[in-house]
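Start counting at 1 in the sequence shown, then tack on 42, and there's your number in this note's numbering. Scroll down for the structure; my scribbles are underneath it.
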Amino acid sequence: MVSRVIPVDTFDLVIFGGTGDLARRKILPGLFRRFIAGQMPGDSRVIGAARSDMGDDDYRQLVREAISEFGGQEKSDTANLDAFLGQLHYVQVDATGDGGWSDLSDLMRPDVVRAFYFSVAPSLFGALAERLHNHGIADRHSRIVVEKPLGRDLDGARALNQTLAEHFHEGQIYRIDHYLGKETVQNLMAVRFGNVLFEPLWNNHYVDHIQITVAETVGVGGRGAYYDKSGAMRDMVQNHLMQLVCLIAMEPPGQFEADAVRDEKLKVIRALQSVPAHHIVRGQYEATETEPSYREDADNPRSFTESFIAMRCEIANWRWAGVPFYLRTGKKMRARSSEIAVVFKDLGHSIFEGDVARHRNILSIRLQPNEGIDLQVTIKEPGPGGMRLVDVPLDLTFAEALGEDAEEVPDAYERLIMDVIRGNQTLFMRGDEVEAAWAWTDPIINAWEERSDVPKLYEPGSTGPEDSQMLLHREGRRWRDIKA
Ligand code: BG6
């Protein structure tokens, strides 16, 4: 199978924060991979913009080193790397002052797509938007790219949206949630809306419950200062897990088009019910003999911030009423494993001997690692000796199913940046979605703060606090294993 790469239009992409961590780890290596894939026209340019005083050659060297440190297989492609670096430029700008803006203005070309990636702290978004506007660098066709944290509560998100709206209309604002750029997440839509099999079963008549687990093995060391002010709820649930819930639960949009998709996602967020305290378990990892505790990593001995959360949510609409959505995410868990599982109901009656509840159909969508989808079905165990039933997965591991093409699966950022250039907002969050997500999150966090809720401790390498198991056990269900 040969994948089709359709080149995008010629662009000038300015990365504010072009020397920063995100640019070096994700954006620039991702652009290089798109360059190798032939998707980046030869006359396109990537312009790093930051405070440091350096020239084009220094910047190219910085990017060369970043690609060698963070790139994958592509870093050995030196011929392409030299050509790619030739398309890079650098401008020194002062985000909150006047310095450098006329240089940037001089550099920009008319008649090409202009995109501006705000890879800087959100507190600078307003200053950048204003200067781009005042210096006439951005016009009404230009695009800006922003990323979380998009506020830390509803008021903050509204203020941010208003700030951006002063100079850009909604159709120009690309709010990244990198989970939407993950290949399997998009496959979730393909599976739901591209097959006749699932949609008739996709409701409270046939689905018993949904589980979403995003487990990581890393701790928060190195980014404790940011994380301690966020916690798992703000860092993962309000955005990434919420987006996964939306894609699982939304009604089929009229067409696969940005606002049609986002309208349906918004309805899901608005239908999420408030979550009572006894449906939430918060956790914090302990120290081991060799590794620090969460509080040590966060450098806050009295921190009440959660590095783990499990919760039981419900969606109040006709399709999903009564179906629990169990969400769980945490750091320092047993394995790096992210999965969505749609657990179907038991057969009403079995003609075979044995317990019907032992055999269930489960559709599992593995986000990482080992991306793929499998459907657990019940079959007869081979051999003589009666009708013994066994559950087996109908496994569609993408790497195997797609053969060599699977290696070419683009990273989330590559895909999303190319969508910005194409002007396709389908996989980006709209301002009202972000606000609705905070409107659901705020009361939950406020309630913890009011009663000084203390997270339960859990052992690193485990599946989180014991109470998170109880969340399902008391309803006769259990979490799926967390395994790599
Ligand atoms: C980020 C969070 O948005 O997503 C991190 O801030 C988290 O805390 C990361 O580790 C997880 O992303 P991925 O793609 O590795 O699952």
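Each residue gets a CB set at the ideal place from its N, CA and C atoms; glycine is no exception.
Enclosing beta strand (DSSP E) for residue i [first to last residue]
i	result
R265	Run containing R265: none; DSSP gives neither H nor E here.
E462	A small fix is needed here, since residue 462 is Val in this sequence, not Glu. Premise fails: V462 lies in the alpha helix (DSSP H), A454 to R464, not in any beta strand (DSSP E).
S406	I404 to Q410
Cut-off 8 angstroms between Cβ atoms - residues of its own chain near residue i, not counting five sequence neighbours on either side
i	result
I69	I57, Y159, S161, Y455 and I459
G506	V323, G325, F350, A352, R370, G372, M375 and Y500
G296	A302
V227	Y221, Q285, L286, L289 and L409
L73	L55, M82, V88, F126, E456 and I459
A340	V262, G266, A267, Y269, D270 and T347
P276	Strictly speaking, residue 276 in this sequence is Arg, with Pro absent from that position. Counting only Cβ-Cβ distances below 8 angstroms, and skipping sequence neighbours, we find P191, R194, T483 and I487.
H515	none
Y101	G60, T61, G90, L130, H131 and Y132
D119	I78
A169	A137 and T138
Q511	T505, R520 and W521
Own chain residues within Cβ distance below 6 angstroms of residue i, not counting five before or after
i	result
E331	none
L55	V88 and A157
I311	A478 and A479
R75	E116 and E456
G364	N246
P334	none
Where residue i falls: helix, strand or coil (DSSP)
i	result
S392	coil
Q280	helix
Q129	coil
V310	helix
K422	strand
Y248	coil
D54	strand
G62	coil
P49	coil
E189	strand
G198	helix
E381	strand
V323	strand
V44	Its pLDDT being 48, under 50, V44 is placed unreliably in this model, and the value from its coordinates should be taken loosely. Correct three-state label for V44: coil.
S335	coil
F386	strand
K68	helix
S94	coil
V135	coil
F240	coil
V287	helix
I179	coil
F74	helix
F367	strand
Cutoff 7 angstroms; reference residue i; Cβ partners in own chain excluding five residues on either side
i	result
V44	Note that V44 scores 48 on pLDDT, short of 50, meaning its location in the model is unreliable and no value can be drawn from it.
F210	A171 and I186
V496	F346
L202	P164, F167, L192 and G193
D85	T52
V105	L70, L127 and L130
T259	K374, M375, A377 and R378
T439	N412 and G414
A313	I357, A358 and N359
N-terminal and C-terminal residue of the alpha helix (DSSP H) that residue i is part of
i	result
F298	Premise fails: F298 is in no alpha helix (DSSP H) and is neither H nor E.
T483	G473 to E492
V233	E225 to G236
I524	Segment: none, I524 is in no alpha helix (DSSP H) and carries neither H nor E.
H515	E508 to H515
W143	W143 to L149
Beta bridge counterpart(s) of residue i as assigned by DSSP
i	result
G372	A257 and F350
D437	D416
G167	First, the residue type needs correcting, since residue 167 is Phe and not Gly in the sequence shown. The partner list for F167 (beta bridge, DSSP) is empty, contrary to what the question assumes.
R87	D54
Y500	Y327
Y221	DSSP lists no partner for Y221.
Y101	Per DSSP, none; premise fails for Y101.
F160	F58
L431	K422
V23	Because the chain in this structure spans residues 43 to 526, residue 23 falls outside the shown range and cannot be described.
I357	L314
Heavy atom of the ligand ADP within 6 angstroms of residue i beta-carbon
i	result
D153	In terms of ligand content, the structure shown lacks the ligand ADP and carries the ligand BG6 instead.
Short CB-CB distance (under 7 angstroms) between residue i and chain B
i	result
L73	The structure shown contains no chain B, having only a single protein chain.
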